[in-house]
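Scroll down for the structure; my scribbles are underneath it.
Number of protein chains: 2
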Amino acid sequence: MTPADRGASQAEIDRQFMSEAIAEARLGFSQGGIPIGSVIVVDGQIIGRGHNQRVQLGNPILHGEMSAFQNAGRQPPGRLARATLYTTLSPCTMCAGTALLYRVPRIVIGEHRTVSKTTLCEDWLIEHGVEVVNLDLDECVDLMAEFINRFPELWNEDIGREHVAPTKETDP
Amino acid sequence: MTPADRGASQAEIDRQFMSEAIAEARLGFSQGGIPIGSVIVVDGQIIGRGHNQRVQLGNPILHGEMSAFQNAGRQPPGRLARATLYTTLSPCTMCAGTALLYRVPRIVIGEHRTVSKTTLCEDWLIEHGVEVVNLDLDECVDLMAEFINRFPELWNEDIGREHVAPTKETDP
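Chains as they are written, first to last, in the working numbering: chain A, 1 to 172; chain B, 1001 to 1172.
Below is the structure:
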């Protein structure tokens, strides 16, 4: 029985599946990894889940969303075209591009407050007809803020940006 | 010694590295896979190479370009920002999005004649400042045309599109 079968509202369903994505993010952080997690849901069931594996597997393409797509495995084209992707952080161009490739129509994000303006691409998704729902959860912001504060160079590597160490002059 | 050190022209260099991407594509086809290959070149050296692994590994995110990024492994952010990505077929949104994430400034493609209009995204790359060079090689077109003709459903799965079998009425 899916959450919808039990009469849950869409907001309750989204919060429930996001809690699974957050569990993936926390699992990744506990492994010394980057705390971003994702699940892919089709017809009320999780068909793929994962977390960022840059540190754990030394893999630069396994963002949380990509891990979830990889773990979902090969799918008939029409199946992902009725999926919802839940991800704790707003997707980068790689992950957004993957969602567009597979025609995922709906993406629910935990937050986008900690995303670099240079990698944010929600507008591009919306232009292509994707529904983007931002739950704006303090829990997701706090997890990312702790990570970025402790490991700024690792975060910059993950988003392909140079790390500029703060100096007294620019960041007293 | 790199090709440039030997006095090769940019066109000669591009053709040489594309031949390595084509070798990857042919290797993939010989394994029963989708014949698209890629190499990533930095400072005249190949740092990552690969081919589509949907069939071989059952992996929906390992397009040829993604395999090359994965095999290149973790890189300092500035290194990929001076890379050239060589790929036998014009990239989809997933692979193009990955190139943008890592700020790859130049992409050399084998061809785009066999790409579905719905997945072509060269304009998006160009808008973001990426130089896209199309070698338009018959060798790459012939390889893809043979594959698509023999395995149309596999190809549609790889680009997330429904396969519509030709009928007498629409495709006599």
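Positions of the beta carbon are idealized from the N, C-alpha and C atoms, including for glycine.
query = Quick one, are the C-beta atoms of B:H1051 and B:A1025 less than 9 angstroms apart?
reply = Within the second sequence, residue 1051 of chain B is the residue found at index 51, counting from 1. Within the second sequence, residue 1025 of chain B is the residue found at index 25, counting from 1. Contact: yes.
request  = Could you work out which residue in B:R1106, B:M1001, B:W1155, B:G1028 is closest to B:R1128 when comparing CA atoms only?
outcome  = By one-based count along the second sequence, residue 1128 of chain B stands at place 128. Per the sequence shown, the amino acid found at residue 1128 of chain B is His instead of Arg. When only C-alpha atoms are compared, the closest one is B:R1106.
request  = Sort out for me which residues DSSP pairs B:A1083 with in a bridge.
outcome  = One-based indexing of the second sequence puts residue 1083 of chain B at position 83. Answer is B:V1042.
ask   = Using a threshold of 8 angstroms, is the CB atom of B:S1038 nearer than that to any non-hydrogen atom of the ligand SAM?
value = Absence of the ligand SAM is noted for the structure shown, with no ligands found whatsoever.
Residue of A:I13, A:M144, A:L57 minimising C-alpha distance to A:V41 = Taking the first residue of the first sequence as position 1, residue 41 of chain A is located at position 41. Among A:I13, A:M144, A:L57, the Cα nearest to that of A:V41 belongs to A:I13.
task = Determine, using beta carbons only, whether A:R82 and A:D43 come nearer to each other than 9 angstroms.
result = Taking the first residue of the first sequence as 1, we reach residue 82 of chain A at position 82. Taking the first residue of the first sequence as 1, we reach residue 43 of chain A at position 43. Going by C-beta atoms, A:R82 is nearer than 9 angstroms to A:D43.
ask   = Less than 9 angstroms separating the beta-carbons of A:V132 and A:S90?
value = On the first sequence, position 132 is the one that residue 132 of chain A refers to. On the first sequence, position 90 is the one that residue 90 of chain A refers to. Contact annotation: A:V132 and A:S90 have beta-carbon atoms nearer than 9 angstroms.
task = Name the one or two DSSP bridge partners that B:H1063 has.
result = For this step, residue 1063 of chain B is matched to residue 63 along the second sequence. DSSP output for B:H1063 lists no bridge partner at all.
request  = Under 9 angstroms between beta-carbons, which chain B residues line up against A:E157? List them in chain order, please.
outcome  = As a first step, residue 157 of chain A must be located in the first sequence, where it is residue number 157. Against chain B, a Cβ distance below 9 angstroms from A:E157 picks out R1074, Q1075, P1076, P1077.
query = If you measure from the beta carbon of A:I61 to each beta carbon in chain B, is any gap under 9 angstroms?
reply = For the purposes of this step, residue 61 of chain A is identified with residue 61 of the first sequence, where counting begins at 1. At least one chain B Cβ lies under 9 angstroms of A:I61.
task = Report buried or exposed for B:G1007, applying the criterion of at least 16 other Cβ atoms within 10 angstroms of its Cβ.
result = Here the question's residue 1007 of chain B lines up with position 7 in the second sequence. B:G1007 is exposed by the Cβ-count criterion.
message = Is the beta carbon of B:T1093 closer than 9 angstroms to that of A:T118?
response = The sequence position of residue 118 of chain A within the first sequence is 118, counting from 1. The sequence position of residue 1093 of chain B within the second sequence is 93, counting from 1. No, the Cβ-Cβ distance between A:T118 and B:T1093 is not below 9 angstroms.
task = Give me whichever residues DSSP pairs with B:R1106 in a beta bridge.
result = Position 106 of the second sequence, counting from 1, holds the residue named residue 1106 of chain B. Within the DSSP secondary-structure output, B:R1106 pairs in a beta bridge with B:T1084, B:E1131.
query = Hey, B:Y1086 and B:V1108 are a contact pair by Cβ (cut 8 angstroms); roughly how many whole angstroms apart?
reply = Numbered from its first residue, the second sequence carries residue 1086 of chain B at position 86. Numbered from its first residue, the second sequence carries residue 1108 of chain B at position 108. Indeed they touch by this definition, with Cβ atoms about 5 angstroms apart.
inquiry  = When you compare the CB positions of B:R1079 and B:I1046, do they come within less than 9 angstroms of one another, or not?
reply    = Translated into positions along the second sequence, residue 1079 of chain B becomes position 79. Translated into positions along the second sequence, residue 1046 of chain B becomes position 46. Going by C-beta atoms, B:R1079 is not nearer than 9 angstroms to B:I1046.
ask   = If you run the structure through DSSP and keep just helix, strand and coil, what is A:G97?
value = Translated into the one-based positions of the first sequence, residue 97 of chain A becomes position 97. DSSP places A:G97 in the helix class (H, G or I) of the three-state scheme.
request  = Mind checking the region 1088 to 1101 of chain B against chain A and listing, in chain order, the residues whose C-beta falls within less than 8 angstroms of any C-beta there?
outcome  = Contact annotation: in the region 1088 to 1101 of chain B, residues whose CB is within less than 8 angstroms of a CB in chain A are C1092, T1093, M1094, C1095, A1096, G1097, T1098, L1100, L1101.
ask   = What does a CB cutoff of less than 6 angstroms around B:H1063 pick up in its chain, not counting 5 residues either side in sequence?
value = Numbered from 1 along the second sequence, position 63 holds the residue referred to as residue 1063 of chain B. Only N1052, C1095 meet the Cβ criterion.
message = Assuming A:E65 and A:S38 are in contact, meaning their beta carbons sit under 8 angstroms apart, how far apart are those beta carbons, in whole angstroms?
response = Position 65 of the first sequence, counting from 1, holds the residue named residue 65 of chain A. Position 38 of the first sequence, counting from 1, holds the residue named residue 38 of chain A. That belief holds up - the Cβ atoms of A:E65 and A:S38 are roughly 5 angstroms apart, short of 8 angstroms.
request  = Answer with yes or no whether the minimum CB distance from A:R103 to chain B is below 9 angstroms.
outcome  = Translated into positions along the first sequence, residue 103 of chain A becomes position 103. Yes, its Cβ sits closer than 9 angstroms to a Cβ of chain B.
query = From what residue to what residue does the alpha helix (DSSP H) around B:D1014 run?
reply = If you number the second sequence from 1, residue 1014 of chain B lands on position 14. Per DSSP, the unbroken alpha helix (DSSP H) holding B:D1014 starts and ends at 1010 to 1030.
ask   = If you compare alpha carbons, which of B:Y1102, B:G1110, B:C1121 is closest to B:M1018?
value = Along the second sequence, one-based indexing puts residue 1018 of chain B at 18. The alpha carbon of B:M1018 has as its nearest neighbour, out of B:Y1102, B:G1110, B:C1121, the alpha carbon of B:G1110.
query = What residues of chain A sit near B:E1162, judged by a beta carbon separation below 7 angstroms?
reply = Numbered from 1 along the second sequence, position 162 holds the residue referred to as residue 1162 of chain B. For B:E1162, the chain A residues whose C-beta falls within less than 7 angstroms of its own C-beta are P77, G78, listed in chain order.
query = If you follow the alpha helix (DSSP H) that A:C140 is part of, which residue opens it and which one closes it?
reply = Taking the first residue of the first sequence as position 1, residue 140 of chain A is located at position 140. Its alpha helix (DSSP H) spans residues 138 to 150.
ask   = Quick one, which of B:T1114, B:H1112, B:R1113, B:T1084 has its alpha-carbon nearest B:L1100's?
value = Counting from one through the second sequence, the residue named residue 1100 of chain B turns up at place 100. Nearest option by C-alpha distance: B:T1084.
key: Between the CA atoms of B:E1146 and A:A23 - distance to the nearest angstrom   = By one-based count along the first sequence, residue 23 of chain A stands at place 23. By one-based count along the second sequence, residue 1146 of chain B stands at place 146. Each residue's alpha carbon lies about 45 angstroms from the other.
request  = Identify which residue in B:E1139, B:R1161, B:P1077, B:P1060 has its Cα closest to the Cα of A:N156.
outcome  = Taking the first residue of the first sequence as 1, we reach residue 156 of chain A at position 156. Looking from the CA of A:N156, the closest CA among B:E1139, B:R1161, B:P1077, B:P1060 belongs to B:P1077.
key: Beta-bridge partners of A:G78, as assigned by DSSP   = Residue 78 of chain A sits at position 78 when you count from the first residue of the first sequence. Among the bridge pairs identified by DSSP, A:G78 is matched with none.
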